Amino acid sequence: MSGLPNDTCGTDPKFISGRRCSAMKSGQGILAVLLWLISSSVFATTYKLEQISIYGNDTTRDEVILRELGFSVGQLVSDDDVAKARKMLISLGLFSTVKTSLSQADGAYRLLIQVKEKVFFVPIPIMNVSGDGDRTYGITIRNHNFLGLNQELKVSLRHKDYYQADIEYENRFNTLYRAPKALFQTADIELGYYSERARLDEHRGRFSGQYQRSLASGLFLISAPILLRDTKENESQSVSLGFERQIYKHRLISGDPGLFFDTKVITLIAGVRQSDIELVSGWRQGWEYGYDIRQTLSDEHVTYQSHGFLNNYRQGFILDFLQVNSRASFGWCSGSIFGDPCFGLGGDSTIRGVARHSIEGNAFILGNIQLLVPVKFVGQLIKGTVFADVGLTVPQEVASPKENFVAGFGFGLVWKLQRFVRTDIRLEAAKGARKGDKLRIYGATTLLF
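Here's what the structure looks like:
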């Protein structure tokens with residue numbers, strides 16, 4: 001009797017134990033994976049950390065840096081752990097450079113962290129003429145590392161004169177405070193106060209009137225991380241809950257009464273957000289999306305509003321030096337407190353090249369896309385850009401479907417100020433696609449998205 005061949009899992013018809021053969025193959029595969037994992041963990045070089053020294057953080061407190069490392073003194077760390085910790089420190093956005101090194105002395109390992117801080121306190125005078133002819137004057141003071149705790153404090157005071165708009169002028173005072181990981185060292189806290197005085201010229205059908213408005217608003221928001229599944233290194237998931245309290249007061253100057261009235265409003269806010277973003281040579285790479293829903297309660301009304309967005313940042317588009325950023329967003333509401341439309345598209349923050357609030361409605365869809373190309377200029381992070389913005393709304397009444405769709409196209413420059421935190425200078429020129437749209441010039445100290 002001849003024996004079985006050496007490869008008992010071959011195609012010999014005498015060998016009929018298929019289940020046994022399959023089990024042998026599966027067992028061999030699992031064994032190979034286990035051996036690889038064991039060998040990887042065994043041969044990975046680790047160091048017992050006896051000391052962490054931090055230099056260059058004149059403003060930032062040590063605990064802010066230590067909190068981001070993911071390890072502490074007395075633990076075993078690898079080179080990969082140190083590299084990941086460096087990435088986490090860069091992602092804070094507080095430092096222009098971060099250097100790490102491991103050194104050994106008398107058998108003990110010491111981690112040296114050398115950082116170079118950005119400029120955190122930035123007073124910015126506001127002197128702006130928008131593409132719509134609006135004139136704005138004022139000052140904004142920002143501290144992106146308040147008390148050295150990676151907290152943000154922003155105070156702004158401004159006066160704005162509108163050109164050919166329903167609002168003649170407005171005076172605004174705004175304060176915003178953000179504290180990352182302030183609650184149980186995991187949840188972010190956001191507090192805001194907003195005050196406004198404005199003169200309104202309202203037109204609704206055959207009714208019109210001029211009103212003086214006073215508005216005071218307070219915001220409280222908590223955002224906490226959640227873990228629905230295993231996440232990658234730069235990926236984060238969070239849920240936010242909060243409320244906003246608003247007090248409206250109106251005084252009729254002339255015209256029809258009843259268009260605006262005094263009321264107190266509270267808005268309940270709930271939202272989710274997920275992102276996977278890293279900084280590559282100072283520019284964002286990755287994606288983020290979010291969705292929130294709001295319930296607004298007033299003396300006589302209950303309304304609902306929702307908003308969602310998806311941002312994508314892609315470097316190396318077709319060619320290594322090209323970058324493409326895109327944004328898609330949408331919104332819907334059941335109505336507003338005073339009966340005016342909830343959303344308006346047009347202007348420097350939505351669709352460039354067309355007048356502010358060119359189209360209005362209680363639902364909208366908006367898309368923005370821009371191509372960025374680096375411009376070499378004395379080592380500065382400057383990119384030229386061409387862009388397109390499109391959007392539509394669902395108004396209460398529209399004579400033609402074309403009336404609620406607008407688009408704008410343009411070009412410009414984006415300059416990232418490396419010594420400042422989240423400060424970018426944006427200069428753009430854009431023109432709408434509709435007949436009669438004129439070329440409009442825009443400038444800002446933040447990116448559109």
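Quick note on the working numbering: the sequence shown kicks off at 1 and runs consecutively.
Note that CB positions come from ideal geometry on N, CA and C, so glycine has one too.
Since we're looking at a predicted model, the values are computed, not measured.
TRP283 and LYS116 have their C-alpha atoms roughly 18 Å apart. Less than 8 Å separates the beta-carbon of TYR313 from that of GLN285. A distance below 6 Å between beta-carbons, with the five flanking residues on each side excluded, links LEU392 to the following residues of its chain, in chain order: ILE365, ASN404 and PHE405.
Here ARG352 is not bridged, per DSSP, to any residue.
DSSP places LEU66 inside the alpha helix (DSSP H), whose first and last residues are 62-69.
The Cβ atoms of ILE139 and LEU183 do not sit closer than 8 Å to each other. Residue burial annotation: SER329 is buried, with at least 16 other C-beta atoms found within 10 angstroms of its C-beta.
Straight across, the Cα-Cα distance linking ASP292 with LEU241 is about 10 Å. When the Cα atoms are used, THR423 and LEU310 turn out to be separated by approximately 22 Å. Take MET127, set aside five residues on each side of it, and the residues of its chain with a beta-carbon closer than 7 Å to its own are TYR137, in chain order. For the set TYR211, THR186 and VAL354, the Cα lying nearest the Cα of GLY133 is the one of VAL354.
Around the beta-carbon of GLU428, 16 or more other beta-carbon atoms lie within 10 Å, marking it buried. Between SER208 and ASP276 a beta carbon distance of about 49 Å is seen, past the 8 Å cut, so the two are scored as non-contacting. According to DSSP, HIS159 shares a beta bridge with TYR137 and ASN171. Cβ-Cβ distances below 7 Å link GLN418 to SER96, GLY282 and LEU381 in the same chain, with the five nearest sequence neighbours on each side left out; the list follows chain order.
For ILE269, the enclosing beta strand (DSSP E) stretches over residues 263-280.
Rounded to whole angstroms, ILE65 and GLU288 show a C-alpha spacing of 25 Å. Measuring C-alpha to C-alpha distances from ASP262 to each of ALA83, GLU170, GLN246 and ILE124 identifies GLN246 as the nearest.
Per DSSP, the unbroken alpha helix (DSSP H) holding ARG86 starts and ends at 79-91. With respect to the 8 Å criterion, ILE266 and THR303 are not classified as neighbours on the basis of their beta carbons.
The alpha-carbon separation between ASP188 and ARG178 amounts to approximately 7 Å. ILE369 and PHE343 do not touch by the CB rule: their CB atoms are close to 20 Å apart, not below 8 Å.
Around the beta-carbon of ASP80, fewer than 16 other beta-carbon atoms lie within 10 Å, marking it exposed. Excluding the 5 residues flanking it on each side, ILE54 has same chain C-beta neighbours closer than 6 Å at ASP62, ILE65 and ILE113, in chain order. In the DSSP assignment, ASP389 falls within the unbroken beta strand (DSSP E) covering 381-393. By the neighbour-count definition (other C-beta atoms within 10 Å, threshold 16), GLU300 is an exposed residue.
Scanning its chain for C-beta atoms nearer than 6 Å, with the 5 sequence neighbours on each side dropped, one finds around ARG172 the residues ARG158 and GLU196, in chain order. Of the residues assessed, THR186 falls on the exposed side of the cut-off, its CB having fewer than 16 other CB atoms within 10 angstroms. Non-local C-beta neighbours of PHE220 in its own chain, meaning closer than 7 Å and more than five positions away in sequence, comprise LEU191, GLY242 and PHE243, ordered along the chain. Excluding sequence positions up to five before and after LEU279, its CB lies within less than 7 Å of the CB of ILE90 and SER91, all in the same chain and listed in chain order. By a beta-carbon distance limit of 8 Å, PRO395 does not contact LYS383. Their separation comes to about 36 Å. Assignment of ASN404 by DSSP, reduced to helix, strand and coil, places it in the helix class. Between the alpha carbons of LEU371 and LEU322 lies a gap of roughly 7 Å. DSSP assignment within the region 287-373 yields the following whole beta strand (DSSP E) runs of 3 residues or more, N-terminal first: 302-315, 323-333, 343-345 and 359-361. In chain order, ALA179 place their CB closer than 6 Å to the CB of GLN151, counting only its own chain and leaving out the 5 sequence neighbours on each side. In the structure shown, GLY107 adopts coil according to DSSP, grouped into three states.
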